[in-house]
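In this note's numbering, the protein residues as written are 33 to 602.
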């Protein structure tokens, strides 16, 4: 076991080396802490935290689990170690530290290959503002503000900061006897030539810090007071420069969306949207009632455990935040995460002030959540478009992978997918979508109005009618023979479709089915499914084809239903 002292950050290690895991489990204390699972090779495979170690760890071994990940994890546990902490919030802090240290394969790890940029106000006699991309920020170099996700907007902000706050831009003086060009164009106060006092310079640095912290009202008030002082002391040139800065700031604030007239509203609103292994997160930063920034993050995730992923992101983001913490964090995703009091205590330690968590249940909260959701949907759609573009570029490789993995006779140049849509057998329709070289070919989409099962739902008969009508057109223009047919469903649906195709005497077409629950691909006459990697382009392509077929069928069904309702009213 380990003992954790949060004040001095020292770990006293007493390793449990019992060969018998059952004996080790009996020794678990009913105290808060973290537990570490090892496999037979001595590799750390999972780290968790618990309010009561004994209860939490035993739950892995004495009950059945719905989670596929847990069912795979438990048989691999050969040894466990645990760390006792004084409180549950210490366990939460320690858990994050251990996950970063060991990177266990069964913990959710945020992999996006990005080192997000930060503003850095350097720790010098006369500080500068720069942009840095560093994963491990050295506090000795200065004060960091971030992270930021839009680098273009960040550079635009830096240009604005240099205009409003004329801080030093050079590491060392360019000339020995005169200031450089930045001074003459009003972008530097030339501290290298002693043309500004340390007090005046510090005041400008303080103003830049207020701007980056989102404290615009306090900043504007300070500039106004300083402008008045210069005017009263007849320093009209300095007063005029501050007036210009004040006006430029006022124009910037006018562009920021006023969310609420309540200027005390300081909130982060977080939304998560996910589809086909893509997780898109948006954080709206509202300070003094204004929307001052939007941060967006996109991840491709293998295990789609939404709650665990969001909890990991939440802890990672706020533990590395170098901006002013909000007074409240609003997100309906946090309700599923739970442990509200624990996370509020953890945030208070990080922020050095109270930070409330809200699930967005109030009218104001719902409105803010809807705004964040709207932004997250746009980010998700853009991510899907980007991934589809990549599939188009890499389709030869993806197609070859599918052909080998699914033992296809044909290269899947032309893929078709079908879907049936109805409500209790009424207005039964079917869709056929066509993808060529991994890209939708909408001119070759087809929709069918199913006649044989109207009023009596029967998906087998509906599919038989659709496939019969589709395959009867083989060889005709714009009805080319597909290389691969994808059926939405499991082993039973695939067997039914194969029966239909064989009865029609059609050969030379590969057929597979995609079962939605675990995204398993079934092959004809094979009992075991093929599992495509969760974050693979191949699985994403199959999911997109299936979802497109479903969307096309639903759209046609709604059109017919609306038309029928209008006719009934006449």
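Note that CB positions come from ideal geometry on N, CA and C, so glycine has one too.
Judged by beta-carbon spacing, residue 76 lies beyond the 8 angstroms limit of residue 66, meaning their Cβ atoms are not closer than that value. If you check the CB distance, residue 532 and residue 499 come in under 8 angstroms. Scanning its chain for C-beta atoms nearer than 7 angstroms, with the 5 sequence neighbours on each side dropped, one finds around residue 108 the residues 71 and 77, in chain order.
Excluding five sequence positions before and after residue 528, the CB atoms of its chain that fall closer than 6 angstroms to its own CB belong to 492, given in chain order. At a Cβ-Cβ threshold of 8 angstroms, residue 333 and residue 103 do not count as neighbours. The Cβ-Cβ distance between residue 246 and residue 175 does not fall below 8 angstroms.
When the alpha-carbon of residue 149 is set against those of 181, 342 and 504, the nearest one is in 181.
The alpha-carbon of residue 165 is positioned some 10 angstroms away from that of residue 178. Secondary structure at residue 501: helix, using DSSP grouped into helix, strand and coil.
In this structure, DSSP gives residue 478 an extended state, which the three-state scheme calls strand.
Within the model, the alpha-carbon separation for residue 84 versus residue 366 is close to 22 angstroms. For residue 421, the uninterrupted alpha helix (DSSP H) segment begins and ends at 395-425.
In the structure shown, the three-state DSSP call for residue 330 is strand. Note on residue 410: under 16 other CB atoms within 10 angstroms of its CB, so exposed under the neighbour-count rule. Here residue 503 really is in contact with residue 538; their C-beta atoms are around 5 angstroms apart, less than 8 angstroms. Excluding sequence positions up to five before and after residue 141, its CB lies within less than 8 angstroms of the CB of 131, 135 and 344, all in the same chain and listed in chain order. Per DSSP, the beta bridge partners of residue 81 are 66.
Rounded to whole angstroms, the Cβ separation of residue 576 and residue 337 is 22 angstroms, and the two are not in contact under 8 angstroms. Contact between the stretch 541-552 and the stretch 426-443 is present: three or more C-beta pairs spanning the two stretches fall below 8 angstroms. DSSP places residue 112 in the uninterrupted beta strand (DSSP E) bounded by 111-116. Pairwise C-beta distances place the stretch 374-391 in contact with the stretch 351-358, as three or more of them are shorter than 8 angstroms. For residue 496, same chain residues with a beta-carbon under 6 angstroms away, outside a window of 5 residues either side, are 532 in chain order. With contact defined as three or more Cβ pairs closer than 8 angstroms, the stretch 187-200 and the stretch 232-249 are in contact. Only residues of its own chain outside the window of five on either side were considered, and among them 522, 523, 526, 544, 545, 547 and 561 have a CB closer than 7 angstroms to the CB of residue 554, listed in chain order.
Here residue 243 has 251 as same chain residues with Cβ atoms under 6 angstroms from its own Cβ, once five neighbours each way along the sequence are excluded.
By the Cβ neighbour-count rule, residue 465 is buried, with 16 or more other Cβ atoms within 10 Å of its own. Taking all protein chains in view, the Cβ of residue 159 is crowded by 16 or more other Cβ atoms within 10 Å, so the residue is classified as buried. Following the DSSP letters along the chain, one finds residue 103 inside the alpha helix (DSSP H) bounded by residues 100-105. Rounded to the nearest angstrom, the gap between the Cα atoms of residue 558 and residue 436 is 16 angstroms. Going by DSSP, residue 530 is part of the alpha helix (DSSP H) stretching over 523-535. With fewer than 16 other Cβ atoms from the protein chains shown falling within 10 Å of its own Cβ, residue 207 counts as exposed. DSSP places residue 224 in the helix class (H, G or I) of the three-state scheme.
Contact between residue 125 and residue 61 fails: their C-beta atoms lie close to 19 angstroms from each other, not under 8 angstroms.
DSSP places residue 175 in the uninterrupted beta strand (DSSP E) bounded by 174-177. Residue pairing of residue 450 in beta bridges, as defined by DSSP: 464 and 519.
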